[in-house]
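Undergrad: Going down the list, the sequences are from chains A and B. Quick note: the first sequence uses the UniProt record's numbering, first residue 1, plus one each step. Quick note: the second sequence uses the UniProt record's numbering, first residue 1, plus one each step. The beta carbon of each residue, even a glycine, is placed where N, CA and C say it ideally should be.
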Amino acid sequence: MKGSLLSRSLLNIAAVIVFVCSVFPVYWMVNTSMLPGAKIKSTRPSFLPESLNFSNYATALGDGFIPAMWMSLAVTGLTLVTALVFAFMAALALSRFTFRSRKSLIVAVLVIQMVPAEALIISMFRLLDGWHLVNTVLGLSAVYIAMVLPFTIWTLRGFVQGVPADLEEAAQIDGCSKAGAFWRITFPLLAPGLVSTGIFAFIQAWNEFVFALVIMTREESQTLPIWLRSFLQATKATDWSVVMAGSTLMALPVVIFFLIVQGRMTSSMTSGAVKG
Amino acid sequence: MLATSDARATTEVDTPRSRRPQLTPMLLLAPAFIMLAIFIGWPVVQMIVMSFQEYGRAQIFGADPEFIALGNYTKVLTDPIFWAVLGRSVALAAVCVVATMVLGMAIAVMMTKLGKLMRTVVSVGLLLAWAMPALTATIVWGWIFDTSYGLVNWLMTKLTGDNWFGHSWLIDPLSFFGVAAIIIVWGAIPFVALSLYAGLTQVPSEVLEAASLDGANGWRRFVNVTFPYIRSIVIVVLILQIIWDLRVFAQIYALQTIGGIREQTNTIGVYIYTESMASGRLGTGGAISVILVAILLAISAYYIRLTLRNED
């Protein structure tokens with residue numbers, strides 16, 4: 001085992017570099033958000049927050065964060081739940097019944113991803129307008145659900161296939177109904193798949209920017225990305241510490257969500273999120 | 001759409017248990033396919049139709065659109081601005097995709113060799129970066145590269161001894177895209193690294209051991225043993241990266257808001273948005289979109305065929 005200690009240390013150093021590069025912008029955002037307004041205009045950056053100063057958070061919070069957060073939570077929640085249910089049903093159909101749509105599904109996922117969303121906005125806006133769904137949670141969610149469905153169906157299908165159908169058949173022989181066998185045997189085994197699919201849908205809906213910008217025209221119906229953007233414009237543009245506080249507030253629910261599902265997440269990614 | 005009509009047709013001949021297998025999959029597929037047909041299918045059809053029409057502000061306000069055959073396409077394809085935007089987007093996407101794939105693969109391979117603790121540390125770091133919204137990430141990076149008070153300019157001043165304060169990274173298109181590439185690659189690596197790592201853990205270790213007993217070195221083992229196992233994942237991730245990077249929107253748009261000259265830094269995603277939304281030229285916007293999809297299909301056609309063949 002010659003040189004193994006050296007290569008181990010090099011490997012660990014590389015790992016630390018990757019960690020620092022990944023996390024640094026996140027740290028810098030939080031660090032800047034705690035700077036007092038005067039300190040931000042300093043040519044010498046302070047690498048540690050000198051005190052835990054939350055006044056920038058108060059400023060951001062007082063400027064429409066709460067309603068925008070509820071809007072984002074509502075849209076993301078509705079998208080997440082509906083997309084998971086619909087995608088789960090479709091994934092079952094595609095992997096538990098005799099179909100030959102596996103290939104066409106893969107192609108459809110890729111082709112839908114290719115269409116630039118920016119070109120569909122006007123048509124979508126008109127569609128929603130005709131149904132009086134502009135400026136509504138339902139309208140924006142409907143668009144998001146349709147956008148995440150191809151990918152979520154595809155990912156979930158991989159997981160459903162990963163659970164052998166024999167397990168269900170065995171349970172049926174032992175006297176379970178087909179549905180009962182499914183709920184008791186297969187469904188629990190699919191939990192990691194639902195988690196990793198859910199993460200994808202959550203990130204997409206929480207961060208989406210263009211459709212929210214066009215569909216949620218009223219100030220009281222704006223989502224967090226649109227709220228954050230308003231900070232960047234015009235008068236507020238220079239107040240970086242408040243912008244960073246706003247950014248941190250927007251990233252916080254995602255981090256909380258990640259922490260909740262984190263344990264299952266790594267295992268779910270390994271158990272075959274992208275089996276193709 | 002097919003699924004729905006089928007579902008309805010089968011509902012009418014609903015017979016008990018024996019027929020279930022036919023009806024159930026259609027019912028299961030129906031909600032997803034109805035959503036897709038309405039909210040993706042219909043707008044796509046409209047986009048294609050409009051790309052063959054004179055469709056501007058007048059039409060938005062109710063005038064009848066007029067079919068002009070390939071008029072929009074000739075207009076777009078003879079416009080030097082379009083070619084400049086396309087060239088820029090392709091160059092940016094190429095740099096970003098290569099950097100993302102190489103670094104993502106390197107990190108994934110590294111993760112398989114790390115101890116449990118360090119592996120957790122790395123995946124937590126990746127997850128944190130992944131959790132950061134593209135818009136937020138762009139704002140933070142914009143702040144790091146800020147003209148007067150940015151960390152980068154401070155660091156450059158420290159390192160070179162020259163005065164970098166006041167140097168604007170966003171005003172020059174080349175360094176604008178340098179910053180953009182950093183943001184895009186940084187944001188894309190977690191998905192690629194974690195997906196590829198997930199794939200790598202599926203490679204049976206016995207096969208790798210056998211290969212190393214046969215005298216294959218690390219690189220040969222990777223090329224001949226590991227890679228074939230993860231090839232389908234690599235291809236799919238690669239195609240997704242090409243698609244996402246070529247039509248990148250949020251990062252460029254937000255970076256332009258912070259600083260930067262719009263005309264010189266537009267990528268095709270932003271260009272389609274300005275053309276359709278700001279200028280109201282839906283006809284040309286549609287034509288550009290159709291051209292973009294055609295380009296993406298051409299790029300990925302070979303790989304799609306390859307993937308399909310491997311699926312048998």
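1) Is it buried or exposed for Ser205 (chain B), if we count other Cβ within 10 angstroms and need 16 for buried?
2) I need the boundaries of the alpha helix (DSSP H) containing Tyr55 (chain B), first residue and last residue.
3) Give the straight-line distance between the Cα atoms of Phe39 (chain B) and Val143 (chain A), rounded to the nearest whole angstrom.
4) Would Gly56 (chain B) and Gly285 (chain B) be called neighbours here (beta carbons separated by less than 7 Å)?
5) Taking just the CA atoms, how far does Phe145 (chain B) sit from Ala131 (chain B)?
6) Mind listing the chain A neighbours of Arg247 (chain B)? Cutoff is C-beta to C-beta under 7 Å, in chain order.
7) Contact between the segment 44–52 of chain B and the segment 113–124 of chain A: three or more CB pairs below 8 Å?
8) Along chain B, which residues have their Cβ under 8 Å away from the Cβ of Arg229 (chain A)?
9) Compare the C-beta of Asn207 (chain A) against all C-beta atoms of chain B and say whether one is closer than 7 Å.
10) Specify the secondary structure class of Glu118 (chain A) as computed by DSSP and reduced to three states.
11) Which residue comes first and which comes last in the alpha helix (DSSP H) that contains Asp239 (chain A)?
12) In the DSSP assignment, find the alpha helix (DSSP H) that holds Leu159 (chain B) and state where it starts and stops.
13) Do Ile189 (chain B) and Ala137 (chain B) have their C-beta atoms closer together than 7 Å?
14) Straight-line CA distance for Thr223 (chain A) to Met69 (chain A)?
15) In angstroms with no decimal places, state the Cα-to-Cα distance between Leu194 (chain A) and Glu263 (chain B).
16) Using Cβ-Cβ distances below 8 Å, what residues of the segment 130–146 of chain A are close to chain B?
17) Answer yes or no: do Ala74 (chain A) and Val148 (chain A) have a C-beta to C-beta separation smaller than 7 Å?
18) Measuring CB to CB, does Leu36 (chain B) end up less than 7 Å from Met105 (chain B)?
19) Give the straight-line distance between the Cα atoms of Ile272 (chain B) and Asp245 (chain B), rounded to the nearest whole angstrom.
20) Going along the chain, which residues of the segment 9–27 of chain A sit with their C-beta nearer than 7 Å to a C-beta in chain B?
21) Three or more beta-carbon pairs under 8 Å between the segment 145–156 of chain B and the segment 221–241 of chain B, yes or no?
22) How many Å lie between His167 (chain B) and Trp154 (chain B) at the Cα?
23) Just to make sure I have the definition right: I need the residues of chain A whose C-beta is within less than 8 Å of the C-beta of Leu151 (chain B). Which are they?
24) Which whole-angstrom value is the C-beta distance of Leu240 (chain A) and Trp169 (chain B), which I expect to be below 8 Å?
25) What three-state label does DSSP hand Phe54 (chain A) in the structure shown?
26) The alpha helix (DSSP H) with Trp183 (chain A) in it runs from where to where?
27) Between which two residues does the alpha helix (DSSP H) carrying Thr32 (chain A) extend?
28) Since Phe67 (chain B) sits in a beta bridge, which residues does DSSP pair it with?
29) Taking Cβ positions, are residue 292 (chain A) and Ala181 (chain A) nearer each other than 7 Å?
30) With a Cβ-Cβ cutoff of 7 Å, do Gln241 (chain B) and Ala180 (chain B) count as a contact?
31) Quick check: is the beta carbon of Ser289 (chain B) nearer than 7 Å to any beta carbon in chain A?
32) Please confirm whether Ala191 (chain A) has its beta-carbon closer than 7 Å to some beta-carbon of chain B.
33) Among B:Met26, B:Gln53 and B:Ile60, which residue has its Cα nearest to the Cα of Ala95 (chain A)?
34) Quick one: residues in its chain with C-beta nearer than 8 Å to the C-beta of Arg221 (chain B), no 5 flanking neighbours on either side, listed in chain order?
35) Could you give the distance in angstroms between the alpha-carbon of Met71 (chain A) and the alpha-carbon of Ser221 (chain A)?
36) Hey, is Ala273 (chain A)'s beta-carbon within less than 7 Å of any beta-carbon in chain B?
TA: So, from the data block:
1) exposed
2) Element bounds for Tyr55 (chain B): n/a, residue is neither H nor E.
3) So the alpha carbons of these two residues sit roughly 6 Å apart.
4) no
5) 21 Å
6) Here the neighbours are Pro116.
7) yes
8) Leu135, Ala254 and Thr257
9) Using beta-carbon distances, Asn207 (chain A) counts as an interface residue toward chain B, with a partner under 7 Å.
10) helix
11) Where Asp239 (chain A) is concerned, there is no enclosing alpha helix (DSSP H), given that its DSSP letter is neither H nor E.
12) Leu151 to Thr160
13) For the pair Ile189 (chain B) and Ala137 (chain B), the CB atoms are not nearer than the 7 Å cut-off.
14) 7 Å
15) Annotation: Leu194 (chain A) to Glu263 (chain B) spans about 43 Å, alpha carbon to alpha carbon.
16) Ala142, Val143, Ile145 and Ala146
17) No, the Cβ-Cβ distance between Ala74 (chain A) and Val148 (chain A) is not below 7 Å.
18) no
19) 15 Å
20) Within the segment 9–27 of chain A, the qualifying residues are Leu11, Asn12, Ala14, Ala15, Val18, Phe19, Ser22, Val23, Pro25 and Val26.
21) no
22) Cα to Cα, His167 (chain B) sits roughly 10 Å from Trp154 (chain B).
23) Going along chain A in sequence order, the residues near Leu151 (chain B) (Cβ under 8 Å) are Trp28 and Pro45.
24) According to the sequence displayed, residue 240 (chain A) carries Trp and not Leu. Contact doesn't hold; Cβ gap of about 15 Å is too wide.
25) coil
26) Segment: none, Trp183 (chain A) is in no alpha helix (DSSP H) and carries neither H nor E.
27) For Thr32 (chain A), the enclosing alpha helix (DSSP H) covers residues Ser4 to Ser33.
28) B:Gln53
29) Residue 292 (chain A) lies beyond the stretch modelled for chain A, which goes from 1 to 276, so this question has no answer here.
30) no
31) yes
32) It does not; no Cβ of chain B falls within 7 Å.
33) Checking the displayed sequence, the identity of residue 95 (chain A) turns out to be Ser instead of Ala. Nearest of B:Met26, B:Gln53 and B:Ile60 to Ser95 (chain A), Cα basis: B:Met26.
34) Leu208, Ala211 and Ser212
35) 7 Å
36) Note on Ala273 (chain A): pLDDT 41, under 50, position unreliable in the model; the coordinate value appears next. Residue contact check for Ala273 (chain A) against chain B: a CB pair falls below 7 Å.
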